[in-house]
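To keep things clear, I will list the structure first and then write my remarks on it.
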Amino acid sequence: MTEQRKPRVVADTPLADTVLKLMDNRVELLPWDVALQGCDEPVDGLYTYGHLEVDGSVMDRLPGLKVISNFGVGVDHINVQDARDRGIPVGNTPNVLNGATADMALTLMLASGRRLVEGDVYARSHEFTYYDPGYMLGREIHSETVGIVGMGRIGLEVAKRCAGFNMNILYYNRRERTDLPSELNATYTSFDDLLTESDYVVLVCPLTDETRGLIGAEQLSKMKQTAILINIARGGVVDTDALTNALKNHEIYHAGLDVTEPEPLPRGHELLSLSNVTIAPHLGSATEQTRFKMAELSVENLMLGLAGEPLRTTV
Ligand code: NAP
């Protein structure tokens with residue numbers, strides 16, 4: 306009797322222990338080098354844990370590739386059209402991370418508006434010797450106007466949280482949504498109106514050819530001088546140089562960034578020296594609970610694809 310070989314899967318290692326446990330020795334893991342250098346032996350699956358680029362040339366170097374499974378919902382690092390052309394399904398992890406990512410948007414809004422990081426540094430420093438009611442005045446969140454660019458799965462969760470803060474909600478998508486809960490009172494606006502009217506502009510659209518550089522010098526100049534820009538989408542949605550200039554010149558009040566372009570920024574980058582920016586190292590979905598659900602879903606998609614069955618969630 307011939308022993309069946311385990312499916313061979315290229316992955317960008319090291320993988321988290323949770324992912325490895327879920328794979329439970331059911332696959333033979335191959336290093337990412339195989340995706341770059343090619344392989345004569347069949348390769349059945351590709352598991353993308355970080356954001357390494359996967360295009361048609363990578364797919365063509367892996368003979369017999371049946372599935373690409375991505376740990377995450379954003380697939381801007383994968384050429385989905387190339388995969389479609391080759392009949393390879395691409396799995397991702399929508400919905401399970403909506404809550405955590407929306408929580409992060411609110412975390413950045415609150416931290417940016419209320420100058421939390423600056424305050425933390427000051428509270429720990431020797432300079433903090435007395436309470437002064439006049440220092441570190443921030444911007445309010447409650448009852449202000451939020452403009453959500455990308456009212457999709459995560460955008461809706463952001464809106465629900467903002468409604469809890471009694472915020473006036475504007476949003477911009479390419480298409481108006483007719484299925485939004487009426488109690489949100491969310492108003493569909495043009496992109497320009499959203500920029501000029503919002504106190505908080507929250508970016509939560511995918512990074513595509515259309516959205517790359519969506520926020521540049523022109524758009525920043527339309528925002529209120531007191532406005533706060535939040536990016537929990539992808540760094541490339543914002544022109545980093547234009548944002549650095551706008552913050553340096555106080556054209557807007559503050560930026561709260563979960564993502565940057567490039568990511569990470571070079572250590573000496575000017576943006577990192579500014580006090581009116583709050584930056585997280587891409588922590589949108591980074592909770593123990595959510596990362597576990599993402600691991601479960603991405604491994605399930607991988608195993609389904611390897612078995613030639615439809616994936617639970619595809620792009
Ligand atoms: P989604 O449900 O597909 O929602 C995306 C929304 O963006 C849709 O409402 C879409 O509406 C809108 N959109 C697409 N292209 C647009 C354009 N050119 N201009 C304006 N709006 C546009 O996706 P999701 O699950 O909410 O995720 C959104 C993105 O968040 C992901 O792609 C990912 O990059 C990012 N993300 C980041 C983190 C993090 O850790 N920071 C975590 C999770 C996700 P229309 O199609 O009508 O335009």
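Here the sequence shown stands for residues 306 to 620, where the numbers follow my numbering. Even glycine gets a Cβ: it sits at the ideal position worked out from N, Cα and C.
Separation of residue 398 and residue 550 (C-alpha to C-alpha, rounded to the nearest whole angstrom) is 35 Å. In this structure, the straight-line span from the alpha carbon of residue 582 to that of residue 459 is close to 23 Å. Judged by the Cβ position, residue 620 fails to qualify as a neighbour of the ligand NAP at the 7 Å threshold, every heavy atom of the ligand being at least this far. Restricting attention to 576, 590, 584, 349, the CA atom closest to the CA of residue 415 is found in 584.
Judged by DSSP secondary structure, residue 450 falls within the beta strand (DSSP E) whose first and last residues are 450-454.
Pairing residue 613 with residue 396 gives a Cβ-Cβ distance that is not under 8 Å. Shortest Cα-Cα distance from residue 451 to any of 442, 443, 466, 564 involves 466.
Taking every protein chain shown into account, the CB of residue 504 has 16 or more other CB atoms within 10 angstroms, so this residue is buried.
Closest in alpha carbon position to residue 378, among 480, 406, 342, 369, is 406.
For residue 551, the enclosing alpha helix (DSSP H) covers residues 545-553. For residue 564, the Cβ falls inside the 7 Å cut-off from some heavy atom of the ligand NAP.
As computed with DSSP, residue 374 is found in a beta bridge with 352, 396.
Of all alpha-carbon atoms in 491, 543, 326, the one lying nearest the alpha-carbon of residue 605 is that of 326.
DSSP places residue 473 in the strand class (E or B) of the three-state scheme. Distances taken from the Cβ of residue 537 to the heavy atoms of the ligand NAP include one shorter than 7 Å. For residue 559, the beta-bridge partners assigned by DSSP are 533.
Annotation: the continuous beta strand (DSSP E) that includes residue 313 extends over 313-316.
In its chain, beyond the 5 residues on either side, 313, 314, 315, 335, 339, 367, 368, 369, 370 have a beta carbon closer than 8 Å to the beta carbon of residue 348. Each residue's CA atom was taken as its position, placing residue 573 and residue 616 some 43 Å apart.
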